[in-house]
Each structure stands twice: as structure tokens, then as C-alpha cells.
Amino acid sequence: MGDALAADKRRLRRSLAGLYGSVSPEDAAAAGDAVAAVLGERREVRSAARVALYAALPDEVPTRPSFERLRDAGPELALPCPLPDGRLEFRAVAGWAELRPGRWGVLEPPPGARRCALGPGDVVLVPGVAFDREGHRLGRGAGYYDATFPPAEPAPLLIGVAWSFRLVGDLPHGSRDRRVDAIVTERGWEPLAGGAV
9 MGDALAADKR RLRRSLAGLY GSVSPEDAAA AGDAVAAVLG ERREVRSAAR VALYAALPDE
69 VPTRPSFERL RDAGPELALP CPLPDGRLEF RAVAGWAELR PGRWGVLEPP PGARRCALGP
129 GDVVLVPGVA FDREGHRLGR GAGYYDATFP PAEPAPLLIG VAWSFRLVGD LPHGSRDRRV
189 DAIVTERGWE PLAGGAV
């Protein structure tokens, strides 16, 4: 990634950092429930063999409600573990209580959990600091999702999960940045320009 692109992304992350402060715990809980309801109704999600979620950080839409709703819907559920090479490994999880704090305090499956290979026909929920209507995503800067699902390779259906106030105009992006196929917020399913989903 070029220096100018990296600087643009850092600047944008800083400018978006303060937006979360206006979200009450009640609003966060309602947002988690709303996203879970939308995902539970989507054919793409219900028919997936596997759905990979993530344990949300405090400034992200809570994902546990989605986990609980989808657990009873049929697909196998998995969560990511970061690998030393900068990619993510997804491991099967049957219950939220199995999760343990990982390297940065983020909940992840225990080391002995079974690995899951994800591909077309599966769904991956992707966190982001911001998304745009072209499906570009601004992550936290480590590049784990981009390294795990390179743009030129077939991938699962990637669904960005975000607060509606984190949908922005055009995001800075490079050739190694993977677009998401769809976005869901507390307000519902957000159509993408030219999106087929």
C-alpha cells in the first residue's frame, strides 16, 4: 500500500473514532438484535453451509445476537483466529461460552476447535470502521480479511456489518483491498451500487 493511501486511511480512522460515543448501551443492544433479525431472514445466509461471524469490539454492532439466532437456523458457525502470517483461520463454535480472549483481548475460539475451510456457498460477516456503497471497506489497519480473501480469488459471500453512521462516501482503497458483497446495519440491508445481493 502506498504511503499516501495509508495516510488517507489513518486520517479517516481517526475522524470516525469519535462517532461511536453517542451510542447508548440500549441502542447497541437494539442494533445487535436488528442486524440478527435481518440476517436471519436473508436467503443467502439461511442457505449457507457455514457462516463465519466475529466477536464485536465495544464500538461495533454487537454480533452475539446474530450468533444466537443463526445457531438455531442450521448453518455451521465459525469465528476467526488471527495467524502470525497476517491471515485469519476460522474455527467451528457451537456456543458463545466456548470463546476465550485472544491475542488482543478479542473473543475467539479455543485452540482445539476444529478448523473450517470457507469458500463459495459460505457467508462471512466482516467488521469495518467504515464502508461505502461500492463495497469498499476500511478496517482497523492490519489487513487480516484482505489477506484471507484476496480480491482475485473466489471467496464466500462477504457481508459487512456496521453502524449506519459508518456508511460513508467513497473510501480510499487499493488493489489489495477486498470489497464486501453486501452491508447490513441496524437500519437493515443496505444495497450496494451494482450489487447482485
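Counted the way this note's numbering counts, the sequence shown spans residues 9 to 205.
Glycine included, C-beta positions come from ideal geometry on N, C-alpha and C.
Predicted model only: the values in this text are computed from it and were never measured.
What do you reckon, are the CB atoms on residue i and residue j nearer than 7 Å?
i, j, result
"D185", "D154", "yes"
"W171", "V43", "no"
"V192", "G143", "no"
"P57", "D130", "Pro is not the amino acid found at residue 57; the sequence shown has Ala there. Going by C-beta atoms, A57 is nearer than 7 Å to D130."
"A63", "L146", "no"
"G48", "R77", "yes"
"L175", "V132", "no"
Apart from the five residues just before and just after residue i, which ones in its own chain have a Cβ nearer than 6 Å to its Cβ?
i, result
"R95", "A155, T156"
"R108", "P118"
"L91", "E97"
"P128", "P162"
Kindly list the residues whose CB is nearer than 8 Å to the CB of residue i, restricted to its own chain and excluding five residues on each side of it in sequence; keep chain order.
i, result
"S183", "P159"
"A36", "V69, P70"
For residue i, which residues does DSSP report across the bridge?
i, result
"E52", "BP columns for E52 are empty, so no partner."
"F173", "Beta-bridge pairing links F173 to no other residue."
"L115", "P109"
"V132", "A60, L166"
"W197", "V192"
What does a CB cutoff of less than 7 Å around residue i pick up in its chain, not counting 5 residues either side in sequence?
i, result
"R148", "V137"
Among the options, which residue has its Cα nearest to the Cα of residue i?
i, options, result
"V101", "P83, W112, D93, G113", "P83"
"A121", "L47, A86, L61", "A86"
"F75", "L65, A60, C89, P66", "A60"
"P73", "A201, P199, E194", "E194"
"G177", "L165, G196, L200", "L200"
"P164", "L126, S55, G151", "L126"
"G168", "G151, E198, A150, Y152", "E198"
"W112", "L65, R50, P33, S32", "L65"
"C89", "G110, V134, A105, D67", "G110"
Quick one: give me the first and last residue of the alpha helix (DSSP H) that residue i is part of.
i, result
"T71", "Per DSSP, T71 belongs to no alpha helix (DSSP H) and is neither H nor E."
"G155", "Sequence check: residue 155 is Ala here, not Gly. Element bounds for A155: 152-156."
Can you name the start and end residues of the beta strand (DSSP E) that residue i belongs to?
i, result
"D140", "138-140"
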